[in-house]
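A.B. asks: The numbering used here numbers the first residue of the sequence shown as 37 and each following residue consecutively.
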Amino acid sequence: MNLADLPPGVTANALSIDVEDWFQVSAFAGAIAPTEWDRLPCRVERNVGSILDLLDEAGAHGTFFTLGWVAERYPGLVRAIAARGHEVASHGYAHQRASDQSPAEFLEDIRRAKAVLEDITGGSVTGYRAPSFSVGPGNAWAFDCIAAAGYRYSSSVYPIRHDHYGAPDSPRFAHEVCKGLVELPVATVRVLNRNWPAGGGGYFRLLPYRLSRWSLRRINGVDGRPAIFYFHPWEVDPEQPRVQGASAKARFRHYLNLDRMHARLGRLLHDFRWDRVDRVFGVHAWT
Ligand SMILES: [Zn+2]
37 MNLADLPPGV TANALSIDVE DWFQVSAFAG AIAPTEWDRL PCRVERNVGS
87 ILDLLDEAGA HGTFFTLGWV AERYPGLVRA IAARGHEVAS HGYAHQRASD
137 QSPAEFLEDI RRAKAVLEDI TGGSVTGYRA PSFSVGPGNA WAFDCIAAAG
187 YRYSSSVYPI RHDHYGAPDS PRFAHEVCKG LVELPVATVR VLNRNWPAGG
237 GGYFRLLPYR LSRWSLRRIN GVDGRPAIFY FHPWEVDPEQ PRVQGASAKA
287 RFRHYLNLDR MHARLGRLLH DFRWDRVDRV FGVHAWT
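1. Does DSSP put Arg197 in a helix, in a strand, or in coil?
2. Of all the options Arg296, Arg197 and Arg208, which has the alpha carbon lying nearest to the alpha carbon of Pro221?
3. Please report the distance separating the alpha-carbon of Arg246 from that of Gly238.
4. Any heavy atom of ligand 1 inside 7 Å of the beta-carbon of Trp56?
5. I'd like the span of the alpha helix (DSSP H) that includes Ser251, first residue to last.
6. Look at the alpha carbon of Val152 and the alpha carbon of Leu228, and state the distance between them as a whole number of angstroms.
7. Tell me whether Pro269, by its Cβ, gets closer than 7 Å to a heavy atom of ligand 1.
8. Look at the alpha carbon of Pro43 and the alpha carbon of Trp310, and state the distance between them as a whole number of angstroms.
9. Between which two residues does the alpha helix (DSSP H) harbouring Phe240 extend?
10. Given this structure, state the Cα-to-Cα distance separating Phe240 from Leu143, to the nearest angstrom.
11. Closer than 7 Å by C-beta to Ala48: which residues in its own chain qualify, once you throw out the five before and the five after it? Chain order, please.
12. Could you work out which residue in Ile182, Ala176, Val171 and Leu217 is closest to Ile196 when comparing CA atoms only?
13. CB Phe169 to CB Ser192, shorter than 8 Å?
14. Would you say the beta carbon of Ser86 comes nearer than 7 Å to a heavy atom of ligand 1?
15. Return the residue from the list Gly186, Arg253, Pro204 and Gln132 that minimises the CA-CA distance to Gly174.
16. Could you check if Trp58 is buried or exposed, using at least 16 other CB atoms within 10 Å of its CB as the buried criterion?
17. Taking 7 Å as the cut-off, is the beta-carbon of Pro262 closer than that to any non-hydrogen atom of ligand 1?
18. With a cut-off of 8 Å, do at least 3 Cβ pairs link the segment 72 to 89 to the segment 112 to 122?
19. Count the other CB atoms, across all protein chains shown, that sit within 10 Å of the CB of Val61; report buried if there are 16 or more and exposed otherwise.
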C-alpha cells in the first residue's frame, strides 16, 4: 500500500473490541490452562450482545477482533456482528502470545482463525490483532507471517512501556511494516517526551474518564490523526466468575471498576464519532 492513500484528516476514530472470554486473558494464563476452557461457563455471547446493543443505541460501528476459538463455538455471534454493520477481524485462534510461539506455530494459528471467520461470514477478513499486543521489535518476523496469511493490516503494537507488553520506541501512527502490510497502533498520547496509553485497556477503567477524553481530543486535534481505542467483552461484565490462583496485581487490574464500564463507554461513544478500523483507515482503497 501507499501511505499517501490514507484518508486525510480525522472524520472518526476507530473502535475495536477484542472478542475473548474472561478465562482467556493472558494475565490469567498461569491460573487457567487452555485445556480447561471448554469446562468453564462462557459469557462472551451475552457480553458481545450487550455491546452490540450499546453501539446500536449510539449509532456507532466498530471492529471486532474475534478469537477463532470463540467463533467456532458461537458462529451466530460472528454473523450478528457482521449483520449489524461491524467489521469482523481476527484475534488469532487460541490466544497465545506471538512472542511465545515459533514463526510456524504463529502462522498456523492466524491462518486457522482467518479461515474459521471467513467460513462463517462468507467475506474477506483483512485485519488482525495479536493477543496482548505481543508483536514488537523483538519478533518483527511476525509481520511477515501476518502478511503471508493474507491480512492487509495489523493492530498489534501498543507503543508504550508496560510490564506485560509494549514497544515504546515503535511509531505511534500507521506505518508499513512489510510488503503489503500496514501496522495501525493503538492510541497513545505524547506528553513529556513519552508515550502514554490513550487507547483503552485497564487504564480506561483505572483513570478518570476526562483524561481519556482529553487524550483522544489531543490526538485528533494536535496530531491530526484518528485514534484506535480497544476494550473487551468481559470488561462490561461485573458478574463474571472470579479467578482464584492469579496474582493480586492481575486480579486488581482485571476486576477494577467493571461496574462503571458500561456508563463510561456510553460517554465515550457520545463524545466522539466511532467507526470500523477498515473504514477509518480506508483499507479497501489501499493499492
Ligand atoms: Zn486478547
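All C-beta atoms, glycine included, are put in the ideal place defined by N, C-alpha and C.
C.D. replies: Let me spell this out:
1. Position 161 of the sequence shown, counted from the start, is the residue given in the question as residue 197. Of the three classes helix, strand and coil, the one that applies to Arg197 here is coil, per DSSP.
2. Position 185 of the sequence shown holds residue 221. Nearest of Arg296, Arg197 and Arg208 to Pro221, Cα basis: Arg208.
3. Translated into positions along the sequence shown, residue 246 becomes position 210. Translated into positions along the sequence shown, residue 238 becomes position 202. Their backbone Cα atoms lie some 15 Å apart in a straight line.
4. Mapped onto the sequence shown, residue 56 falls at position 20. Inspection of the sequence shows that residue 56 is occupied by Glu rather than by Trp. Yes, the Cβ of Glu56 comes within 7 Å of a heavy atom of ligand 1.
5. For the purposes of this step, residue 251 is taken as the residue at position 215 of the sequence shown. Per DSSP, Ser251 belongs to the alpha helix (DSSP H) from Tyr245 to Arg254.
6. Here the question's residue 152 lines up with position 116 in the sequence shown. Here the question's residue 228 lines up with position 192 in the sequence shown. Their backbone Cα atoms lie some 44 Å apart in a straight line.
7. Looking up residue 269 in the sequence shown gives position 233. False, no ligand heavy atom lies under 7 Å from that Cβ.
8. Position 7 of the sequence shown, counted from the start, is the residue given in the question as residue 43. Position 274 of the sequence shown, counted from the start, is the residue given in the question as residue 310. Rounded to the nearest angstrom, the two C-alpha atoms are 15 Å apart.
9. To locate residue 240, count along the sequence shown from 1; it is residue 204. First-last of the alpha helix (DSSP H) with Phe240: Gly238 to Leu242.
10. Numbered from its first residue, the sequence shown carries residue 240 at position 204. Numbered from its first residue, the sequence shown carries residue 143 at position 107. Roughly 32 Å between the two C-alpha positions.
11. The residue labelled residue 48 in the question sits at position 12 within the sequence shown. Closer than 7 Å at Cβ, skipping near neighbours: Pro262, Arg309, Trp310, Asp311 and Val316.
12. Within the sequence shown, numbered from 1, the residue matching residue 196 stands at position 160. The option with the nearest alpha carbon to Ile196 is Val171.
13. Residue 169 sits at position 133 when you count from the first residue of the sequence shown. Residue 192 sits at position 156 when you count from the first residue of the sequence shown. Their beta carbons are under 8 Å apart, which means Phe169 touches Ser192 by this criterion.
14. In the sequence shown, residue 86 corresponds to position 50, counting from 1. Checking the Cβ of Ser86 against ligand 1 gives no.
15. Here residue 174 corresponds to residue number 138 of the sequence shown, with the count starting at 1. It is Pro204 whose Cα lies nearest to the Cα of Gly174.
16. Sequence index remark: in the sequence shown, residue 58 carries index 22 (1-based). Answer is buried; the Cβ neighbour count reaches 16.
17. Against the sequence shown, residue 262 aligns to sequence position 226. Checking the Cβ of Pro262 against ligand 1 gives no.
18. yes
19. Here residue 61 corresponds to residue number 25 of the sequence shown, with the count starting at 1. Buried, since its Cβ has 16 or more Cβ neighbours within 10 Å.
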